[in-house]
Amino acid sequence: MRMYKPNFAGGNQYRILSFMDSPPAGRTLSCLMIFSMFLFYCGGALASHIENCDYVESDALENNTVLNEVVAPPSCSCSAGDWHWDNNITVDAKGDVSSDHGPMTGTYQSNTKIWINSGFPSEFSSAVTINVSDAVSWDGYNSRPNSGEQPNEKWKLVFLKNGKVVGETPYTGDGIDTGVKSDFWRGSLGGDITLPNGFDEIVISHWGDDTYGNNKDYGPNSVYPSCFCISYGSNVELPPVASCPCPNSYNWDADIQLINGSYESGCKMLCGTKEQTHLIDLPSIFHSGMMDIEIPEYVSADGYIGRASKNQTAEIWKIEFYK
0 MRMYKPNFAG
10 GNQYRILSFM
20 DSPPAGRTLS
30 CLMIFSMFLF
40 YCGGALASHI
50 ENCDYVESDA
60 LENNTVLNEV
70 VAPPSCSCSA
80 GDWHWDNNIT
90 VDAKGDVSSD
100 HGPMTGTYQS
110 NTKIWINSGF
120 PSEFSSAVTI
130 NVSDAVSWDG
140 YNSRPNSGEQ
150 PNEKWKLVFL
160 KNGKVVGETP
170 YTGDGIDTGV
180 KSDFWRGSLG
190 GDITLPNGFD
200 EIVISHWGDD
210 TYGNNKDYGP
220 NSVYPSCFCI
230 SYGSNVELPP
240 VASCPCPNSY
250 NWDADIQLIN
260 GSYESGCKML
270 CGTKEQTHLI
280 DLPSIFHSGM
290 MDIEIPEYVS
300 ADGYIGRASK
310 NQTAEIWKIE
320 FYK
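Okay, here's the thing in structure tokens:
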């Protein structure tokens with residue numbers, strides 16, 4: 000059996016076709032083998048090409064930069080019970096962006112602030128400790144690779160009560176890459192923020208905002224606040240109740256309650272204003288005869304938001320008995 004180097008544009012093609020008239024057994028086998036080899040090599044090349052394309056596409060989706068498309072930002076990771084704000088950013092197949100607000104930019108002061116003043120839980124209206132545990136900052140549009148360096152694509156949250164600033168977070172980081180159609184930064188914005196009177200408004204302030212921002216940078220630095228989570232709580236726990244195990248014991252309780260993040264009671268004492276409680280009437284068993292009394296346990300407590308930063312060295316008291 001002779002084997003021929005394939006040349007399907009020349010004589011071998013003619014030879015194979017001519018076998019169709021009167022194919023000797025041996026030559027028929029040769030034709031089939033050559034035809035099978037042709038399919039094998041073509042099929043192998045086709046499979047290799049598809050496999051390579053799949054690999055590049057998977058790598059591009061993972062890095063968001065190989066294909067350089069406009070990719071929507073990730074969602075914030077909020078814990079159960081957190082208050083959540085979302086700009087609802089979406090990107091269509093053409094790379095066009097839609098959102099509830101934005102983008103923010105330092106070039107025009109009309110675009111440097113986003114006001115949020117509704118949808119808050121009741122806990123925000125009084126003493127509260129908050130933490131912006133997760134935030135996502137994003138920028139994306141088709142012509143962004145040609146926009147040049149924008150080093151201050153960042154924003155912060157400013158908290159107001161009755162129009163006055165009562166607290167704020169640090170700025171987001173500007174980890175948004177230059178030269179790509181879209182990128183994002185995510186992270187927490189500082190730690191705990193204690194607001195003794197709560198807040199009723201949040202301002203998302205761009206770096207270049209005249210009112211709450213840096214006041215020095217009027218470059219574009221366009222950026223979308225995408226979302227953020229606020230965890231909150233009073234962080235003030237009620238004190239334990241005194242334990243009086245004796246059968247003939249008398250247990251007096253000040254009925255301390257936690258109101259707006261602070262201990263409140265009719266027996267609350269303050270130096271200089273209320274230095275003693277009212278007289279406490281004791282049961283009749285204490286009214287006559289000689290007796291020994293013992294105070295096996297008592298609880299002294301103080302609690303309010305911001306107390307950790309106070310220095311109080313004389314939170315002490317005593318009991319006086321009257322007849």
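Letter 182 of the sequence shown, counting from 1, is numbered 181 in numbering that gives the first Met the number 0, and no numbers are missing.
The beta carbon of each residue, even a glycine, is placed where N, CA and C say it ideally should be.
Top-ranked residue by Cα proximity to residue i, from the options
| i | options | result |
| --- | --- | --- |
| proline 239 | Phe227, Leu257, Cys226 and Val222 | Leu257 |
| asparagine 151 | Ser264, Gly162, Lys317 and Asp216 | Asp216 |
| glycine 162 | Gly189, Met268, Asp173 and Tyr211 | Tyr211 |
| threonine 111 | Lys153, Ser132 and Val70 | Lys153 |
| valine 131 | Ile201, Cys243 and Cys228 | Cys228 |
| serine 221 | Leu194, Asp81 and Ser142 | Ser142 |
| threonine 70 | Pro120, Gly139, Gly118 and Met103 | The amino acid occupying residue 70 in the given sequence is valine; threonine does not appear at that position. Answer by Cα proximity: Gly139. |
| glutamate 122 | Lys273, Phe198 and Thr276 | Phe198 |
| serine 248 | Glu167, Leu281 and Val235 | Leu281 |
| alanine 92 | Glu68, Trp82 and His100 | Glu68 |
| isoleucine 294 | Asp95, Gln311 and Lys317 | Lys317 |
| threonine 168 | Asn250, Asn145, Asp182 and His205 | His205 |
| proline 120 | Gln108, Ser146 and Asp81 | Asp81 |
| valine 298 | Arg306, Lys309 and Glu314 | Glu314 |
| tyrosine 303 | Tyr107, Cys243 and Lys267 | Lys267 |
| glutamate 236 | Met103, Ala300, Gln275 and Trp84 | Ala300 |
Anticipated Cβ contact below 8 Å, residue i with residue j, distance rounded
| i | j | result |
| --- | --- | --- |
| tyrosine 223 | tryptophan 137 | 5 Å |
| threonine 89 | serine 97 | 5 Å |
| asparagine 196 | serine 261 | 11 Å between Cβ atoms; not a contact. |
Proximity below 9 Å, CB of residue i to CB of residue j
| i | j | result |
| --- | --- | --- |
| leucine 156 | isoleucine 203 | yes |
| glycine 105 | glycine 218 | yes |
| alanine 241 | aspartate 252 | yes |
| isoleucine 129 | aspartate 191 | yes |
| leucine 188 | threonine 177 | no |
| glycine 174 | threonine 193 | no |
| asparagine 86 | serine 225 | yes |
| glutamine 108 | aspartate 209 | yes |
Local Cβ density within 10 Å of residue i, reported as buried at 16 or more and exposed below that
| i | result |
| --- | --- |
| serine 21 | Because the pLDDT at serine 21 is just 46, under 50, the model does not fix this residue reliably, and the value given afterwards should be weighed accordingly. Label assigned to serine 21: exposed. |
| tryptophan 184 | buried |
| valine 127 | buried |
| tyrosine 321 | exposed |
| glutamate 263 | exposed |
| tryptophan 180 | In the sequence under discussion, the amino acid at residue 180 is lysine, which differs from the tryptophan named in the question. That one is buried. |
| leucine 278 | exposed |
| phenylalanine 285 | exposed |
| glutamate 319 | exposed |
| alanine 79 | exposed |
| glycine 207 | buried |
| isoleucine 201 | buried |
| cysteine 52 | At cysteine 52 the pLDDT is 36, less than 50, meaning the model places this residue with poor confidence; the figure from the coordinates comes in the next sentence. So cysteine 52 ends up on the exposed side. |
| proline 72 | buried |
| alanine 134 | buried |
| methionine 289 | exposed |
| tyrosine 231 | buried |
| proline 144 | exposed |
| glutamine 149 | buried |
| glycine 147 | exposed |
Practice task
Return the chain-ordered ranges of every beta strand (DSSP E) run that is complete within the segment 168-223 and spans a minimum of 3 residues.
Solution key: 181-186, 192-194 and 200-205
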